[in-house]
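> Numbering (this note's numbering), first residue to last: 9 to 195.
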Ligand SMILES: [Mg+2]
Ligand SMILES: [Zn+2]
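#1: Using only the heavy atoms of ligand 2, determine whether one of them is closer than 7 Å to the beta carbon of residue 117.
#2: What I want to know is whether the C-beta of residue 144 ends up closer than 7 Å to one or more non-hydrogen atoms of ligand 1.
#3: Take residue 119 and list the residues in its own chain whose beta-carbon comes closer than 7 Å to its own, dropping the five residues that flank it on each side.
#4: Considering just the uninterrupted stretch of the beta strand (DSSP E) at residue 95, what are its terminal residues?
#5: For the region 82 to 93 against the region 127 to 144, do three or more pairs of beta-carbon atoms, one drawn from each stretch, fall closer than 8 Å, so that the two count as touching?
#6: What are the start and end residues of each continuous beta strand (DSSP E) run of 3 or more residues lying completely inside the region 43 to 121, in chain order?
#7: Here's the rule I'm using: 16 or more other beta-carbon atoms within 10 Å means buried, otherwise exposed. How should residue 43 be labelled?
#8: Using a Cβ-Cβ cutoff of less than 6 Å, which residues in the same chain neighbour residue 107 once the five nearest sequence positions on both sides are dropped?
#9: Return yes when the Cβ of residue 99 is within less than 8 Å of the Cβ of residue 41, no when it is not.
#10: Per DSSP, what kind of secondary structure is residue 135 in: helix, strand or coil?
#11: Find out if the Cβ-Cβ distance for the pair residue 143, residue 45 is shorter than 8 Å.
#12: Cβ atoms of residue 178 and residue 158: under 8 Å apart, would you say?
#13: By a C-beta neighbour count over all protein chains shown, 10 Å radius and 16 as the cutoff for buried, is residue 84 buried or exposed?
#14: Rounded to the nearest angstrom, what separates residue 123 and residue 55 at their Cα positions?
#15: Buried or exposed, going by whether 16 or more other CB atoms sit within 10 Å of the CB of residue 195?
#16: Can the beta-carbon of residue 139 be found less than 8 Å from the beta-carbon of residue 48?
#17: Measuring alpha carbon to alpha carbon, tell me which of 63, 126, 82 ends up nearest residue 102.
Rendered as structure tokens:
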């Protein structure tokens with residue numbers, strides 16, 4: 009069976025405007041050109057899969073049911089712009105969480121590659137042909153740890169001050185459309 013290529017997307021700060029522990033559908037705001045970028049990737053044969061850390065669940069700020077409401081609304085917003093994301097993975101854990109059930113040193117919380125590896129098994133993804141896009145160091149590390157190329161979303165010039173150069177970010181862009189243009193032209 010031929011392996012697929014995929015784009016793994018962080019959610020907060022990459023697909024939607026970052027809010028600390030976003031806990032209500034009302035807080036969702038799509039970032040400019042995100043939908044157009046996703047469409048372009050999919051037109052070029054990429055699966056597009058969201059991988060998001062949601063430790064707000066372990067911390068007791070919101071529960072899985074609330075996260076489902078948030079993702080339902082987000083799916084509807086994307087659908088209005090003609091986009092259907094292929095799959096959604098989230099990590100609800102944190103090693104110092106308040107809720108016992110989620111207080112786990114798991115394998116899925118980025119920078120660990122667990123969510124990416126799980127998706128790769130499910131969809132027969134060739135990780136060396138795939139890309140992790142996000143706005144934080146943990147996204148870049150998760151991508152590297154999974155064997156993907158990495159692309160950093162920089163919202164402004166000073167954004168990379170918290171990211172060490174040793175990570176080896178492969179690309180750095182302003183938004184998902186710019187990301188898709190670079191990668192689909194090169195591919
Ligand atoms: Mg982020
Ligand atoms: Zn986890």
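C-beta: ideal position from N, C-alpha, C; glycine also.
In brief:
#1: Walking along the chain shown from the start, residue 117 turns up at place 109. True, at least one ligand heavy atom lies under 7 Å from that Cβ.
#2: Stepping through the chain shown from its first residue, residue 144 is reached at position 136. Flag set: Cβ of residue 144 near ligand 1.
#3: Numbered from its first residue, the chain shown carries residue 119 at position 111. Once the five neighbours on either side are set aside, the close Cβ partners of residue 119 are 146, 149, 150, 153.
#4: Counting from one through the chain shown, the residue named residue 95 turns up at place 87. Looking at the DSSP string, the run of the beta strand (DSSP E) that includes residue 95 is 95 to 99.
#5: Short answer: they don't touch.
#6: 54 to 61, 95 to 99
#7: Counting from 1 along the chain shown, the entry for residue 43 is found at position 35. When all chains shown are included, residue 43 counts as buried.
#8: Within the chain shown, residue 107 is the residue found at index 99, counting from 1. Around residue 107: 66, 68.
#9: The count along the chain shown starts at 1 and reaches residue 41 at position 33. The count along the chain shown starts at 1 and reaches residue 99 at position 91. No.
#10: One-based indexing of the chain shown puts residue 135 at position 127. Looking at residue 135 - three-state DSSP - the assignment turns out to be helix.
#11: Taking the first residue of the chain shown as position 1, residue 143 is located at position 135. Taking the first residue of the chain shown as position 1, residue 45 is located at position 37. No, the Cβ-Cβ distance between residue 143 and residue 45 is not below 8 Å.
#12: What you label residue 158 is simply residue 150 of the chain shown in a count that begins at 1. What you label residue 178 is simply residue 170 of the chain shown in a count that begins at 1. Taking 8 Å as the Cβ cut-off, residue 158 and residue 178 qualify as a contacting pair.
#13: By one-based count along the chain shown, residue 84 stands at place 76. By the 10 Å Cβ count, residue 84 comes out exposed.
#14: Taking the first residue of the chain shown as position 1, residue 123 is located at position 115. Taking the first residue of the chain shown as position 1, residue 55 is located at position 47. Taking the straight line from one Cα to the other gives about 14 Å.
#15: Taking the first residue of the chain shown as 1, we reach residue 195 at position 187. Caution applies to residue 195, whose pLDDT of 48 falls short of 50 and renders its modelled position unreliable; the value that the coordinates give is listed next. That one is exposed.
#16: On the chain shown, position 131 is the one that residue 139 refers to. On the chain shown, position 40 is the one that residue 48 refers to. The answer is no: Cβ separation not under 8 Å.
#17: On the chain shown, residue 102 is found 94 positions in, with the first residue counted as 1. That would be 63, whose Cα lies nearest to the Cα of residue 102.
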